[in-house]
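Here is the structure we will look at, set down as structure tokens.
Numbering (my numbering), first residue to last: 40 to 327.
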């Protein structure tokens, strides 16, 4: 069945698979031999997104299935966001040109699986939101969340405002400010951050924004455990209740997305532990 995707001129184009993915099918015509490749860049004079090629440069049809599973009915919205990221996001320096061919697996899906760790109906602040990763993606995949994108730079908040308007995200507010400037204005359930700062510094910004029992979910890489160890004295002073390392998105992203979870509250940090991730397939609201 074909899907409709929106071009830069507002007209719909029919595609048999998620937008931005073009298929090279084997001589037998079987989908088992199909591979994903980036489509040709359209002529700018047509008004279409250059970022329409914002898809993996190679891979298998499995990636398409994962995108459908993760985004469900919101997949067309995610496609439009990927297109805008690969076009305006690159032009304005919010994302590197080398990232265009791996937007889906490295950025969109990687951020979308964070929703497994976010409680239903939570109020979320995305610190240093930048191009909207993970804030915009969470808003797309989880319309039950109320999300504030916190970003101090004007060119980035302008981009975020355009994204929110273009995608019709009614559950998102863009705020131009630094986290330390708005501590008296926020008392949220969850704070997210990706590639913003080392955990020691990030915790100083994030924990004052959380209600007691609220959670910081920081996307981290291979140094997640080391950062957690280094930040322990600061976390104790800030009154963190507990910390742990989580891995979400197993079977969907490789390697799985690593999160450092810090729970705000009074008292010293309790013992850290690593636990196997639990897929919350039914956690996202399917109303849009």
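No residue lacks a Cβ here, since even glycine has one placed at the ideal position from N, Cα and C.
(request) Mind listing, in chain order, the continuous alpha helix (DSSP H) runs of no fewer than 4 residues lying wholly within the region 218-257? (result) Counting only runs of 4 or more, we get 238-245.
(request) Have a look at 160, 179 and 284 and flag the residue whose alpha-carbon is nearest the alpha-carbon of residue 302. (result) Looking at the Cα atoms, 284 is the closest of the given residues.
(message) Just to confirm my understanding: we take residue 151, look at its own chain, exclude 5 residues before and 5 after, and list those with CB closer than 7 Å. What are they?
(response) Result list for residue 151: 109, 110, 176 and 180, in chain order.
(request) Please look up how many angstroms separate the CB atoms of residue 165 and residue 188, rounded, as I've assumed it's under 8 Å. (result) Going by Cβ atoms, the distance from residue 165 to residue 188 rounds to 5 Å, so yes, they are a contact pair.
(request) Please list the segments of the alpha helix (DSSP H) lying wholly inside the region 257-303, counting only runs of 4 or more residues, in order along the chain. (result) Counting only runs of 4 or more, we get 263-276.
(request) Label residue 233 either buried or exposed according to how many other C-beta atoms from any shown protein chain fall within 10 Å of its C-beta, with 16 as the threshold for buried. (result) Residue 233 should be labelled buried.
(request) Would you mind stating whether residue 155 and residue 287 have Cβ atoms separated by less than 7 Å? (result) Yes, the pair counts as a contact, with Cβ atoms nearer than the cut-off.
(message) In whole angstroms, give me the CA-to-CA distance for residue 237 and residue 266.
(response) C-alpha separation (whole angstroms): 7 Å.
(message) What does the Cβ neighbour count give for residue 220, buried or exposed, with the cut at 16 atoms within 10 Å?
(response) A residue is called buried when at least 16 other Cβ atoms come within 10 angstroms of its Cβ; residue 220 does not meet this threshold and is exposed.
(message) According to DSSP, simplified to helix, strand and coil, what is residue 186?
(response) Strand at residue 186.
(request) Could you check what DSSP says for residue 166 in three-state terms: helix, strand or coil? (result) Strand at residue 166.
(message) Counting beta carbon pairs with one atom in the region 112-124 and one in the region 204-222, are three or more of them shorter than 8 Å?
(response) With the rule of 3 Cβ pairs closer than 8 Å, the region 204-222 counts as touching the region 112-124.
(request) Check each candidate in 198, 201, 172 and 162 and name the one with the smallest Cα separation from residue 182. (result) Ranking 198, 201, 172 and 162 by Cα distance to residue 182 puts 162 first.
(message) For residue 245 and residue 184, what's the separation of their Cα atoms in angstroms?
(response) Distance from the CA of residue 245 to the CA of residue 184, rounded to the nearest whole angstrom, comes to 18 Å.
(request) Report, in whole angstroms, the separation of the C-beta atoms of residue 169 and residue 231, which I expect to be a contact under 8 Å. (result) Residue 169 to residue 231, Cβ: 12 Å. No contact.
(request) Identify the continuous alpha helix (DSSP H) that holds residue 137 and give its terminal residues. (result) Where residue 137 is concerned, there is no enclosing alpha helix (DSSP H), given that its DSSP letter is neither H nor E.
(message) Under DSSP, the alpha helix (DSSP H) around residue 103 begins and ends at which residues?
(response) Where residue 103 is concerned, the enclosing alpha helix (DSSP H) stretches over 101-110.
(request) Since I believe residue 211 is in contact with residue 178 (beta carbons under 8 Å), could you give me their beta-carbon distance rounded to a whole number of angstroms? (result) Their Cβ separation, rounded to whole angstroms, is 5 Å, which keeps residue 178 and residue 211 in contact under 8 Å.
(message) Could you compute how far the alpha carbon of residue 241 sits from the alpha carbon of residue 153?
(response) For residue 241 and residue 153, the distance between alpha carbons rounds to 18 Å.
(request) Assign residue 157 to one of three DSSP states: helix, strand, or coil. (result) The answer is coil: DSSP assigns residue 157 none of H, G, I, E or B.
(message) Whole angstroms are fine: how far does the CA of residue 147 sit from the CA of residue 34?
(response) With the chain covering 40 to 327 only, the question about residue 34 has no answer from this structure.
(request) Compute the Euclidean distance between the alpha carbons of residue 293 and residue 217, then round it to the nearest angstrom. (result) If I take the Cα positions, the gap works out to 32 Å.
(request) Put residue 98 into one of helix, strand or coil per three-state DSSP. (result) In this predicted model, residue 98 has a pLDDT of only 46, less than 50, meaning its place in the structure is not dependable enough to derive any value.
(message) My output table needs one value for residue 212: the three-state DSSP class, helix, strand or coil.
(response) Under the three-state reduction of DSSP output, residue 212 falls in the strand class.
(request) Select from 279, 190, 228 and 197 the residue whose C-alpha is nearest the C-alpha of residue 249. (result) Nearest of 279, 190, 228 and 197 to residue 249, Cα basis: 228.
(message) Buried or exposed, going by whether 16 or more other CB atoms sit within 10 Å of the CB of residue 223?
(response) By the Cβ-count criterion, residue 223 is exposed, with fewer than 16 other Cβ atoms from all chains shown falling within 10 Å of its own Cβ.
(message) So for residue 114, helix, strand or coil by DSSP?
(response) Helix at residue 114.
(request) Identify, in the order they occur along the chain, each residue of the same chain with its Cβ nearer than 7 Å to the Cβ of residue 133, setting aside the five sequence neighbours on each side. (result) Once the five neighbours on either side are set aside, the close Cβ partners of residue 133 are 169, 170, 195 and 198.
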